[in-house]
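Asker: Below is the structure I would like to discuss, written out as structure tokens.
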Amino acid sequence: MSHLLQAIQLPELQAGEIYVGIIGDQSGNLHHVILLPGERTDVNWKDAKEWAASIGGSLPNRIEQAMLWARCRDQFEPDWYWSEEVYERNSGWAWSQDFRYGTQSRDHQYYELRARAVRRLSI
Numbered sequence: 001m002s003h004l005l006q007a008i009q010l011p012e013l014q015a016g017e018i019y020v021g022i023i024g025d026q027s028g029n030l031h032h033v034i035l036l037p038g039e040r041t042d043v044n045w046k047d048a049k050e051w052a053a054s055i056g057g058s059l060p061n062r063i064e065q066a067m068l069w070a071r072c073r074d075q076f077e078p079d080w081y082w083s084e085e086v087y088e089r090n091s092g093w094a095w096s097q098d099f100r101y102g103t104q105s106r107d108h109q110y111y112e113l114r115a116r117a118v119r120r121l122s123i
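In UniProt numbering, the protein residues as written are 1 to 123.
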């Protein structure tokens with residue numbers, strides 16, 4: 001079986017953006033993950049999602065948050081940050097990531113946590 005190698009070009013970053021890396025989904029589709037500048041504090045999940053969209057991004061998913069913890073934890077306060085993912089067993093809850101210890105958990109969507117946004121670019 002022959003393999004084709006594809007050169008992957010890194011995306012151009014805007015001021016304040018940080019390149020995080022490449023992630024693939026279960027279908028094998030790849031995308032770049034870019035951490036956007038800025039942060040919201042004491043924000044519920046709905047408002048965090050709206051804020052992220054307003055700056056051209058979205059909240060990171062759980063896999064992206066694990067990657068952010070591994071590669072960019074110095075860009076985060078040692079606190080809890082919202083994920084874009086709803087907790088599958090209760091639609092009133094959403095996943096979050098602790099950037100002090102690296103754990104993930106679920107919280108009521110009305111809790112006030114921190115938020116960071118990412119930008120995704122398909123490859």
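Glycine is no exception: its CB is placed at the ideal position from the N, C-alpha and C atoms. Quantities reported herein were computed from a predicted structural model and do not represent experimental measurements.
Please work out which residues of its chain come closer than 7 angstroms, Cβ to Cβ, to Gln26, disregarding the five sequence neighbours upstream and downstream, and give them in chain order.
Answerer: Cβ within range, chain order: n/a, list empty.
Asker: So Glu77 and Asn61 are in contact, right, with Cβ under 8 angstroms, and what is the actual spacing, rounded?
Answerer: With a Cβ gap of about 20 angstroms, Glu77 and Asn61 do not count as contacting.
Asker: Check the DSSP bridge columns for Ala115 and list the partner residues they point to.
Answerer: Paired residues: Arg40.
Asker: I'd like to know whether the C-beta atoms of Gly16 and Pro37 end up nearer to each other than 8 angstroms.
Answerer: Yes, Cβ-Cβ distance for Gly16 and Pro37 is below 8 angstroms.
Asker: Measure from the alpha carbon of Phe99 to the alpha carbon of each residue in Asp107, Asp79 and Ala48, then state which is nearest.
Answerer: Ranking Asp107, Asp79 and Ala48 by Cα distance to Phe99 puts Asp79 first.
Asker: Please name the residue, chosen from Arg120, Leu121 and Arg116, that lies closest to Asp42 on a Cα-to-Cα basis.
Answerer: With distances taken between Cα atoms, Asp42 lies closest to Arg116.
Asker: With distances taken between CB atoms, is the gap from Ile22 to Leu30 smaller than 8 angstroms?
Answerer: Against a cut-off of 8 angstroms, the Cβ pair of Leu30 and Ile22 comes out as a contact.
Asker: What are the uninterrupted segments assigned as beta strand (DSSP E) that are 3 or more residues long and contained completely in the region 61-117, given in chain order?
Answerer: Whole beta strand (DSSP E) segments, 3+ residues: 80-86, 93-98, 104-108 and 113-115.
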